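So the sequences go chain by chain: A and B.
According to my numbering, the first sequence is numbered sequentially starting from 182.
According to my numbering, the second sequence is numbered sequentially starting from 60.
Glycine is no exception: its CB is placed at the ideal position from the N, C-alpha and C atoms.
Quantities reported herein were computed from a predicted structural model and do not represent experimental measurements.
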Amino acid sequence: MALLEVRDLRLSFGGLKVLHDISFSVEKGAINSLIGPNGAGKTSLFNCLTGFYKPKGGSIRLGGRPITGLPPHRITALGLARTFQNIRLFKEMTVLENAMSGQHCRSRHGIVSAILHLPSQRREEENIRTTGMRWLDFVGIQQHAHRLAGGLSYGDQRRLELARALASTPELILLDEPAAGLNEREKLDLVHLIRRVRDETGVTVLLIEHDMGLVMQVSEKIVVFDYGQKIADGTPEAVRADPRVIEAYLGTED
Amino acid sequence: MTEARILPAAAQPRLMRWSVVLPALAAVACALVLPQFANAYVTEVATTALLYVVLCLGLNIVVGYAGLLDLGYAAFFAVGAYTSGILTAEFGLNFWLTIPVAMAAACVAGIIIGAPTLRLRSDYLAIVTLGFGEIVRIIARNLDITGGASGLIGIERPEIFGFKLMQVQHFYYAFLVLALLTAFVCLSVERSRMGRAWFYVRYDEDAAAGIGINRVSAKLQAYMMGAVIASVAGCLYAAKMTAISPESFTFNQSLLILLGVVLGGMGRIPGVVLGAILVALLPEVLRGAGTYRPLVTAVALLAIMLFRPNGLWPDKRV
Chain A
182 MALLEVRDLR LSFGGLKVLH DISFSVEKGA INSLIGPNGA GKTSLFNCLT GFYKPKGGSI
242 RLGGRPITGL PPHRITALGL ARTFQNIRLF KEMTVLENAM SGQHCRSRHG IVSAILHLPS
302 QRREEENIRT TGMRWLDFVG IQQHAHRLAG GLSYGDQRRL ELARALASTP ELILLDEPAA
362 GLNEREKLDL VHLIRRVRDE TGVTVLLIEH DMGLVMQVSE KIVVFDYGQK IADGTPEAVR
422 ADPRVIEAYL GTED
Chain B
60 MTEARILPAA AQPRLMRWSV VLPALAAVAC ALVLPQFANA YVTEVATTAL LYVVLCLGLN
120 IVVGYAGLLD LGYAAFFAVG AYTSGILTAE FGLNFWLTIP VAMAAACVAG IIIGAPTLRL
180 RSDYLAIVTL GFGEIVRIIA RNLDITGGAS GLIGIERPEI FGFKLMQVQH FYYAFLVLAL
240 LTAFVCLSVE RSRMGRAWFY VRYDEDAAAG IGINRVSAKL QAYMMGAVIA SVAGCLYAAK
300 MTAISPESFT FNQSLLILLG VVLGGMGRIP GVVLGAILVA LLPEVLRGAG TYRPLVTAVA
360 LLAIMLFRPN GLWPDKRV
């Protein structure tokens, strides 16, 4: 059974149909990509998967459990984490505090135990802190742990978003244009990092990306969108040779 | 993955740093000996200042931590004062037993107003809370059990181990204990999982939801905790005054508390304490200005907003 199964997903804003009956699946342990021209509906699909938009129809299953229409925090708790296209860090807080935020849904102590300084609450705090540090170390920005997140370089902010998402111990992580604004050197590092996410933590990866070179290099399967419809779905070689994909990206000859 | 390394010193909670602890201890020591040197008038003003410290710390949880603009905070202060006042004056309940009842009442009031409205974003929430503040005051004005417009009189003075709190100094120390307790509670929660969740929600609601925080629940908990603190302050206030009326809990009162939070620098405890003390002292200091007092106050506030827009002692992070 696939880890993520999307069936006949539909989304519209007023009269505007954004997604038409989208179906695809992502196998556990895979690195897959969603590509398509600007405005094809890729980010809208991500927003449906993560609960930010309520789809008009269809179903989404994560590990066999239906998650369609659940609020975002519930979906994250069920094991689906995301990053944002335009980086959404808590810029006024430290890098470590950002990384710790992912642990919120995996911890439980509330106001009363914090006031009473219960030993179990102290242990949990310590645990949240060391786990945050470990993920900062994983993405390679541990040395910046106590700086404000807004002061990080662009590439490091992207890494921090990834660390924050990983700290929620997801089964599936959605990366929305992780390579946007990165230089060639940083893109190479990113490819390496995405592979490490899958290989070392076992987290399944689904990314939206415009950089074709990166997509072809890193993904095992690619889903292609155009005008809110899925036009192709397959291995990088198959997708590259698909006439509909070529048409969407380059236009027809006439 | 490698094992986590030992955290550098900066990662240790700020509570433990001497540069913070020593000035705080000095301030507490001054507060402890103040009534020995001050006359009744100064002690009275200082007691009011401590009341505002408690109220501002409570509102700071809502405004400073969770980023919710609340214009009706005095309502929770009123809920505490009236609950305690009615239970002691009408039903003869022991003062100390009225505190948990008042806390529970404030929680319920917090849920009633919070649950339907906390989905709203800032401006709408501000208007709804303003309305709520007025509703509570008007209810107090019109019910028989609250004494109507003339208020409630004959509230019992509290006793502790057979010692009756009577004089200004007694209440000064009672409010000092409450203020220290509130600061401790705020500090503990600020550095905990829920405290961080409030900051996440304040800085970016959508990102907070995206990483697994239930934003409505987080806001509601901030709201309830703020309400509980105001209600405890209300209990002690009622006991000190022995008489309360709806006019103690006007919109103006809510604004003054909010002013204290914003003036000092919302979000961090030292700034909020400073702001609260200023709000209590300003009318006294400006007594000499006579009828020009509102004008001088307004100019002073405008100057602070122009030159220190984040407050007098702001949160470094903002």
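Have a look at the options and flag the residue whose alpha-carbon is nearest the alpha-carbon of residue i.
| i | options | result |
| --- | --- | --- |
| B/I212 | B/G349, B/S143, B/C245 | B/S143 |
| A/D202 | A/I212, A/R188, A/A211 | A/R188 |
| B/A161 | B/M283, B/L361, B/F310 | B/M283 |
| A/L387 | A/P236, A/H254, A/F265, A/S240 | A/F265 |
| B/S290 | B/Y132, B/A242, B/I214 | B/Y132 |
| B/K223 | B/I170, B/L109, B/N153 | B/N153 |
| B/V236 | B/V79, B/Q95, B/T106 | B/T106 |
If we ignore side chains and look at the alpha-carbon of each, how far apart do residue i and residue j end up?
| i | j | result |
| --- | --- | --- |
| B/G285 | B/V187 | 17 Å |
| A/L356 | A/A422 | 25 Å |
| B/T356 | A/S193 | 54 Å |
| B/G254 | B/L354 | 38 Å |
| B/A335 | A/A330 | 31 Å |
| A/L185 | B/G319 | 51 Å |
| A/S334 | A/F319 | 17 Å |
| B/P67 | A/S294 | Its pLDDT being 42, under 50, B/P67 is placed unreliably in this model, and the coordinates cannot settle the point. |
| B/V321 | B/A164 | 27 Å |
| A/L343 | B/S251 | 23 Å |
| B/T241 | A/F271 | 27 Å |
| A/L251 | A/G232 | 6 Å |
| A/T224 | B/L360 | 46 Å |
| A/L347 | A/W316 | 7 Å |
| B/I204 | B/G151 | 14 Å |
| B/A70 | A/A419 | Because B/A70 carries a pLDDT of 44, less than 50, the predicted location of this residue cannot be relied on, and the following value inherits that uncertainty. The alpha-carbon atoms of B/A70 and A/A419 are separated by roughly 50 Å. |
| B/V275 | B/Y124 | 14 Å |
| B/A266 | B/R346 | 48 Å |
| B/A85 | B/L91 | 10 Å |
| A/R310 | A/R340 | 18 Å |
| A/K237 | A/P218 | 23 Å |
Let me check one thing: in DSSP terms, what residues is residue i bridge-paired to?
| i | result |
| --- | --- |
| A/V404 | A/L215, A/D414 |
| A/K198 | A/S193 |
| A/G238 | A/R191 |
| B/K223 | B/E218 |
| A/E186 | A/S206, A/R242 |
| A/D357 | A/I389 |
| A/P247 | A/R242 |
| B/V158 | The amino acid occupying residue 158 of chain B in the given sequence is Ile; Val does not appear at that position. For B/I158, which the question treats as bridged, DSSP gives no partner whatsoever. |
| A/T275 | A/L329 |
| A/R263 | A/L355 |
Flag residue i as yes if its beta-carbon sits less than 7 Å from any beta-carbon of chain B, otherwise no.
| i | result |
| --- | --- |
| A/H201 | no |
| A/G283 | yes |
| A/E365 | no |
| A/G321 | no |
| A/E307 | no |
| A/I296 | yes |
| A/F194 | no |
| A/P218 | no |
| A/R263 | yes |
| A/L185 | no |
| A/G291 | yes |
| A/R340 | no |
| A/C229 | no |
| A/S225 | no |
| A/R269 | yes |
| A/S349 | yes |
| A/R345 | yes |
| A/E352 | no |
When you compare the CB of residue i with every CB in chain A, is at least one pair closer than 7 Å?
| i | result |
| --- | --- |
| B/M284 | yes |
| B/V79 | no |
| B/V244 | yes |
| B/Q71 | With a pLDDT of 44 at B/Q71, under the threshold of 50, the modelled position of that residue is not reliable, and no figure is offered here. |
Under 7 Å, Cβ to Cβ, is there at least one residue of chain D near residue i?
| i | result |
| --- | --- |
| B/V248 | Of the protein chains in this structure, namely A and B, none is chain D. |
Going along the chain, which residues of the segment 252-275 of chain B sit with their C-beta nearer than 8 Å to a C-beta in chain A? Here the close residues are R252, M253, G254, R255, A256, F258, Y259, Y262, D263, D265, A266, A267, A268, G269, I270, G271, I272, N273, R274.
What are the residues in the segment 246-259 of chain A lying within 9 Å of chain B by C-beta distance? P252, P253, H254, R255, I256, T257, A258
Short-range partners of chain A found in the segment 225-237 of chain B, where Cβ spacing is below 7 Å: none
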